[in-house]
Amino acid sequence: MPNPLPKVLLIIIWTIKKAEYRRTDASKLWYQTSQSKGNQGTSLWNTYEIKLIDLDLINLRNQFPPIAAQDLPFVLKAGYLEKRRKDHSFLGFEWQKRWCALSKTVFYYYGSDKDKQQKGEFAIDGYNVRMNNTLRKDGKKDCCFEISAPDKRIYQFTAASPKDAEEWVQQLKFVLQGDKSTDYANFYQGLWDCTGALSDELSFKRGDVIYILSKEYNRYGWWVGEMKGAIGLVPKAYIMEMYDI
Numbered sequence: 001m002p003n004p005l006p007k008v009l010l011i012i013i014w015t016i017k018k019a020e021y022r023r024t025d026a027s028k029l030w031y032q033t034s035q036s037k038g039n040q041g042t043s044l045w046n047t048y049e050i051k052l053i054d055l056d057l058i059n060l061r062n063q064f065p066p067i068a069a070q071d072l073p074f075v076l077k078a079g080y081l082e083k084r085r086k087d088h089s090f091l092g093f094e095w096q097k098r099w100c101a102l103s104k105t106v107f108y109y110y111g112s113d114k115d116k117q118q119k120g121e122f123a124i125d126g127y128n129v130r131m132n133n134t135l136r137k138d139g140k141k142d143c144c145f146e147i148s149a150p151d152k153r154i155y156q157f158t159a160a161s162p163k164d165a166e167e168w169v170q171q172l173k174f175v176l177q178g179d180k181s182t183d184y185a186n187f188y189q190g191l192w193d194c195t196g197a198l199s200d201e202l203s204f205k206r207g208d209v210i211y212i213l214s215k216e217y218n219r220y221g222w223w224v225g226e227m228k229g230a231i232g233l234v235p236k237a238y239i240m241e242m243y244d245i
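Just so it is clear: in the sequence shown, position 24 is 24 by full-length UniProt numbering, and no numbers are missing.
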């Protein structure tokens, strides 16, 4: 009798709706498949136990379609972080390097910025973010932050430096608070890197968020903007609207 178990685990998972299944714990999946026996129309049931190696790789309840890291349409901040595994208590390494990207509504994470599909993601609505120096005891303890919400999974990350961690926290706070009270029309994003030639000009990088305070000098091609507490002139040709209103 040929083995009805498909050769590719992913195919098994995605075709599981054709079988009876039940979850037993966070790392196991039981299901049954039927196979006709002879010409009598009877069924022979086979039960399989599949151990899921990484629930980030195989997510039976994905809310978002697969998308390549380079194809994300609207990214507010992106870069490499170390992500704490939710199953770190019994599976190997506690922290994994991930390329993370924040959009207006979703936080994505990938193995690298070249990946064709995310390893996971979550909608940020309803979450809060804060620095947390209790997650590690090594030299990176001041580089940690966490994203949490009542009755939802907690996501914990380590950045390359305390400054980078603080920038992630501030950007997340900006997005989370912006859903309620942000003046969307005046938020812009850097198109290219720009280094101010004079002391009254803002310097920024591609992707940086800038709040436009005034368009008084519009006829000269300059606006007055604010970024991370600094105020200065911004060349309007170097920025684009952040939100479609």
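Even glycine gets a Cβ: it sits at the ideal position worked out from N, Cα and C.
Helix, strand or coil: how does DSSP classify residue i here?
{"i": "TRP192", "result": "coil"}
{"i": "ASN128", "result": "strand"}
{"i": "LYS236", "result": "helix"}
{"i": "THR47", "result": "Residue placement at THR47 is flagged as unreliable, the pLDDT there being 40, under the threshold of 50; the coordinate-derived value follows with that caveat. Strand."}
{"i": "ALA185", "result": "helix"}
{"i": "GLU94", "result": "coil"}
{"i": "LYS114", "result": "coil"}
{"i": "ARG84", "result": "strand"}
{"i": "GLU167", "result": "helix"}
{"i": "TYR243", "result": "coil"}
{"i": "LYS77", "result": "strand"}
{"i": "PHE157", "result": "strand"}
{"i": "TYR109", "result": "strand"}
{"i": "TYR211", "result": "strand"}
{"i": "LEU102", "result": "strand"}
{"i": "ARG23", "result": "Summary for ARG23: the model assigns pLDDT 37, below 50, so the residue's position carries little reliability, and this model does not support an answer."}
{"i": "ALA69", "result": "helix"}
{"i": "PHE204", "result": "strand"}
Quick check on this structure: which residue in the options has the alpha carbon closest to the alpha carbon of residue i?
{"i": "LYS77", "options": "TRP192, ILE124, LEU102 and ASP244", "result": "LEU102"}
{"i": "ASP120", "options": "TYR108, MET131 and GLY126", "result": "Looking at the sequence shown, residue 120 is not Asp but Gly. Among TYR108, MET131 and GLY126, the Cα nearest to that of GLY120 belongs to TYR108."}
{"i": "PRO162", "options": "GLN156, ASP151, SER148 and LYS141", "result": "LYS141"}
{"i": "GLU226", "options": "PRO235, TYR211, ASN218 and ARG219", "result": "TYR211"}
{"i": "GLU201", "options": "VAL175, TRP223 and ASP71", "result": "TRP223"}
{"i": "GLU94", "options": "ARG136, TYR127 and VAL209", "result": "ARG136"}
{"i": "residue 266", "options": "GLY221, ASP71, TYR238 and GLN96", "result": "The question about residue 266 has no answer here: the residues shown for the chain are numbered 1 through 245."}
{"i": "PHE145", "options": "ASP151, GLY126, ASP138 and GLU167", "result": "GLU167"}
{"i": "SER199", "options": "GLY221, LYS114 and GLY232", "result": "GLY232"}
{"i": "ASN133", "options": "ALA159, GLN117 and ALA123", "result": "ALA159"}
For residue i, does the count of other Cβ atoms within 10 angstroms reach 16, so buried, or fall short, so exposed?
{"i": "TRP192", "result": "exposed"}
{"i": "MET242", "result": "buried"}
{"i": "TYR127", "result": "buried"}
{"i": "ASP56", "result": "For ASP56, the pLDDT reaches just 44, beneath the cut-off of 50, and the residue's location in the model is therefore unreliable, although a value from the coordinates is still provided. Label assigned to ASP56: buried."}
{"i": "GLN177", "result": "exposed"}
{"i": "ASP71", "result": "exposed"}
Kindly give me the distance between the Cβ atoms of residue i and residue j, rounded to whole angstroms, as I take these residues to be in contact under 8 Å.
{"i": "ALA185", "j": "MET131", "result": "Incorrect: roughly 31 Å between the Cβ atoms, too far for contact."}
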